[in-house]
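Chains as they are written, first to last, in this note's numbering: chain W, 23 to 505; chain G, 457 to 800. For each residue, glycine too, the CB sits at the ideal point set by N, CA and C. Please read these numbers as outputs of a predicted model, since none were measured by experiment.
Dropping the structure here:
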């Protein structure tokens, strides 16, 4: 027992000292957050952000929420004036304002259709704004050049018996992701999606138990790359809601990966959006007591369009090329591969240990006379690694095993590598030509290595990257323990 | 001078084959090849590269099953036109008796050697046949001698000559004078094993630079050692499309394999005791204007001893191809090359 505890402590220690724990994002609280009120769920719109807030929006009357006596939530817009400066916060569209809550929104690619969350009975004049019976639903409106935003329409799958909220449209507009606590899910709120079929939304489909848990999954955001970000209070959350992402691999959603601190914290962290290049974005958090919007910038280099790494293969087939019909009865061939090994045969396979310059010699044995003719043919043979970034690591490892990832075999011509950046596929990153990592959960992970070149005279540098898969198995010991 | 000649030869050949070879060039290549060939420098018959122990001629009363189909063998010597000194044709072990030869009962065989020169000694069509028929003894008889059992010449040399080179027949195609020597069994049934050497000396073997020898049919004794491989080198001119080899009384002693610059090894049919066997094969483009290497590989067991054989090679027109004792362009060697492909 003590030994097992020691192992666990050792692994924890390794994780603590690992460079993978380094913070790769800088997080800033947005200046347009109000001191007293709440702001959350930003989305990109034109040159700024659309978000929801319960800040006061009317000088005279504001309906308030009975619980904390703050006004109900409305949709606002703020323009970004410069890199650090933001304009005045305004109601996004008066047509969308009601006595109840309007919340998280999403736009199509052309930004002429909005889907947003609001209370179903938004036309009620009286009643509690936190009335549990007044469920949330999704509504939408279309923008016309002449008449502006049209009358709000109701999403066909809204239901007064449960909530349907937090819409997120895919870039091609064919999928609408949202969260709902509709019956038949995996517990709490789950993430669903509808597919556009002949101009109409198909039946909501639960995204599956790889993502949805008995806890709460909400605030989906589908990135243009297809990556799905969402928030959950499960999946090993370090506190309340945390932000995770997943991707489809072979038509199956990959195991969710938690974003690192300081994006995730022990408070609620949710409503994450990120730019198309995955370099910067926004999220919401109540880490400063109020719900606020935060921006983040990745300090970690982003490697777009990484290619699947090709395995270096040093295996070749050698044959005598002159003879159309080799005389197999009269001759035998002895191949000297120049690496200390020899093989006999008319056509032979040989795997070299690695790249290098080899001289392959062909000795011919005359079976009829018994004579050996040495060096009848020579072949200077240069073997080079594939020109690519290279990840040297095992294919399969065990949970808790210390795994070495080595980038030394990267072979890039006219590319002076300055730095090596690793994404271990479980949300952790590292820097260095060789890193060690321990996986804590079984599964198949995508490991990425990106390299950055030294800057040239103009200050430009280049990036290249590859990815490969690593399978992490549960150790036999853990399996026995679980059984 | 020798080195220069070889170098010039190869440079010349390379020049022509690096271009698109047209027929005129081919003719030139052949001509130049022959000129250079006769600039070679060796006249032992059989030559070193042939690794044939002895030529062979039996007495006329011998059964052909002993290995000689016609009891006669004709060889031609070519002396370069510019060579003006006296020359000698020497015969090793010319008699029929003693250690080297093959006895059949008692030594009762007479062997006649006749040296011919002058007009038609080579150019008469009968002289270039495989059979001792018609006017095969064409030309001027310059010398002749009959040998029986004679211990004086057993394992020893007899010398014909001196001859003036101009006593041969001048054949411009070969760039020199041609002498013909016919060895015939005229009495008895024993086997005569012998060799020739064209020399500048009557008492020792001194090579004549640029001289050579050839025959259209080879009758010879195979080695007894099963590890020895004998060769003959028929020359393939640019008229040759296919060839037919024909061999006699091989006693199924191993294999006949043809190797060339483009042919790794082609096995030919071989004859049994007192029988003829033949087969045809096509000539490859790369083999034009080169020699083929007919390899005679003896079988290891059971060993065949004192095997006497006859072989000739014809082209598709039925014309005999000459076996040059020094192969034109050197001993043909198959050119191996290594191919590499990625393992699937």
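Exercise for review: Would you list the residues sitting across from residue 378/W in a DSSP beta bridge?
Suggested key: 405/W
Practice item. Please decide whether residue 490/W counts as near chain G, where near means a Cβ-Cβ distance under 9 Å. Key: no
Check your understanding: Is the shortest distance between the beta-carbon of residue 53/W and the beta-carbons of chain G less than 9 Å?
Key -> no
Review point. What beta strand (DSSP E) runs, 3 residues minimum, are completely inside the region 607–683 of chain G?
Key: 613–619, 625–627, 632–643, 647–655, 668–671 and 674–677
Review point. Listing by chain order, which chain W residues have their CB less than 8 Å from the CB of residue 795/G?
Key: 340, 341, 342 and 343
**Study point:** Nonlocal neighbours in the same chain, by C-beta distance under 6 Å from residue 592/G, ignoring five residues either side
**Key:** 582 and 583
Exercise for review: Using a Cβ cut-off of 9 Å (strictly closer), state whether residue 703/G contacts chain W.
Suggested key: no
Review point. Going by alpha carbons, who is nearest to residue 437/W out of 410/W, 198/W and 52/W?
Key: 410/W
Review point. Given that residue 792/G touches chain W, what residues does it touch there, using C-beta distances under 9 Å?
Key: 342, 343, 344, 345, 355, 384, 386, 395, 398 and 399
Point to revise | Whole-angstrom distance between residue 75/W and residue 496/W, CA atom to CA atom | key: 45 Å
Point to revise | CA-to-CA distance, residue 309/W to residue 255/W, given in whole angstroms | key: 15 Å
Exercise for review: Look up residue 172/W in the DSSP assignment and say whether it is helix, strand or coil.
Suggested key: coil
Point to revise | Below-9 Å beta-carbon distance, residue 501/G vs any chain W residue | key: no
Exercise for review: Compute the distance between the beta-carbons of residue 536/G and residue 664/G, then report whether it is under 9 Å.
Suggested key: yes
Point to revise | Inter-residue spacing [alpha-carbon to alpha-carbon] between residue 596/G and residue 515/G | key: 24 Å
Check your understanding: Mind checking if residue 583/G is an interface residue toward chain W, Cβ cutoff 9 Å exclusive?
Key -> no
Practice item. Could you say which of 652/G, 590/G and 556/G lies nearest to residue 610/G if we only look at CA atoms? Key: 556/G
Check your understanding: Where DSSP assigns a beta bridge to residue 373/W, which residues make up the other side?
Key -> 337/W
Point to revise | Contact residues within the region 359–375 of chain W, judged by C-beta distance below 8 Å to chain G | key: 371 and 373
Practice item. State yes or no: is the C-beta of residue 356/W within less than 9 Å of the C-beta of residue 334/W? Key: no
Exercise for review: Determine the direct distance from the alpha carbon of residue 797/G to that of residue 403/W, and round the result to whole angstroms.
Suggested key: 12 Å
Review point. Within the 9 Å Cβ cut-off, does residue 720/G reach chain W?
Key: yes
Review point. Under three-state DSSP, which class holds residue 192/W?
Key: coil
Point to revise | Sequence-distant residues of its chain with Cβ nearer than 8 Å to residue 54/W (five each side left out) | key: 61, 100, 108, 111 and 315
Review point. Roughly how many angstroms lie between the CA atoms of residue 160/W and residue 204/W, to the nearest whole one?
Key: 14 Å
Check your understanding: What does a CB cutoff of less than 7 Å around residue 568/G pick up in its chain, not counting 5 residues either side in sequence?
Key -> 600, 602, 640 and 642
Check your understanding: Do the CB positions of residue 456/W and residue 426/W come within less than 9 Å of each other?
Key -> yes
Check your understanding: Pick from 362/W, 398/W, 336/W and 363/W: whose alpha carbon is nearest that of residue 354/W?
Key -> 398/W
Review point. Beta-carbon of residue 748/G versus every beta-carbon of chain W: anything under 9 Å?
Key: no
Practice item. Measure the CB-CB distance between residue 405/W and residue 362/W and report whether it falls below 9 Å. Key: no
Check your understanding: Who are the neighbours of residue 712/G on chain W, taking C-beta pairs under 8 Å?
Key -> Near residue 712/G there are no residues of chain W at all, since even the closest Cβ is about 11 Å away, more than 8 Å.
Review point. Relative to chain W, which residues along the region 673–685 of chain G have a C-beta separation below 8 Å, given in chain order?
Key: 683 and 685
Review point. Can you round the beta-carbon distance between residue 782/G and residue 503/G to whole angstroms, since I take them to be within the 8 Å contact cut?
Key: 6 Å
**Study point:** Reduced DSSP category for residue 474/G - H, G, I as helix; E, B as strand; rest coil
**Key:** In this prediction, residue 474/G has a pLDDT of 41, which is less than 50 and means its spatial position is unreliable; nothing more can be read from the coordinates.
Exercise for review: May I ask you to report which of helix, strand or coil DSSP gives residue 270/W?
Suggested key: strand
Review point. Between residue 70/W and the rest of its own chain, which residues show a CB-CB distance below 8 Å, the 5 nearest in sequence each way excluded?
Key: 99, 100, 101, 102, 108 and 109
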